[in-house]
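Inspection log for the structure reproduced underneath, given as structure tokens.
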Amino acid sequence: MEMILKAVDEFASRMAAQGYHTSFLAESAYAGHLKECLLNYIGQSALGNEKGLKEGISLSTYLRWEGTGQDYIHAQMYVRLIGDRFIMAKMILTAGNENGKIRELDFELNGKPVPTRSEALARIDPPKQKLKKKKGYRF
């Protein structure tokens, strides 16, 4: 159990360094900051109320949320405990609005570095180009 607690601490600090320091959900429950969320999930797994760490954990968070009716960007992350370390296997970024999903990007990470929050936002929501106004004459 001590190894798992160390892995949670290490993973939470690594993700915070990447800019992921907002609230998370583990398996669509156990809301809170990443460390709190993982510890609550692991505690419920120990009690037999959850499936455990063998199959991995689904974490989700909003990378951008400005309120109801506004555009948002959501991240779904699939994490596995391998040895004494949590590794992110996959990340799915979804951009949407009040009408539903606009676009979705899947990243197979399996040992590759996790993109920072700003890199993830740039991939799913590229900056909009300003249109140049044509100079015209009015008669």
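Anchor point for the sequence shown: position 26 equals 1484 in our numbering, and the numbering is continuous, going up by one each time. Virtual Cβ for every residue (Gly too), placed ideally from N, Cα, C.
- The criterion of a C-beta distance shorter than 8 Å is not satisfied by E1494 and Q1502.
- In the three-state DSSP reduction, L1505 falls in the coil class, being neither helix nor strand.
- In this structure, Y1488 keeps its C-beta atom at 8 Å or more from the C-beta atom of T1519.
- Rounded to whole angstroms, A1533 and I1462 show a C-alpha spacing of 24 Å.
- Close CB contacts of I1560 within its chain, under the 6 Å cut and outside five residues either way in sequence, are with A1553 and G1554 (chain order).
- Its chain contains A1489, G1490, H1491 and T1519 as the residues whose beta carbon lies nearer than 7 Å to that of S1481, once the 5 sequence neighbours on both sides are disregarded; these appear in chain order.
- For E1513, the three-state secondary structure derived from DSSP is coil.
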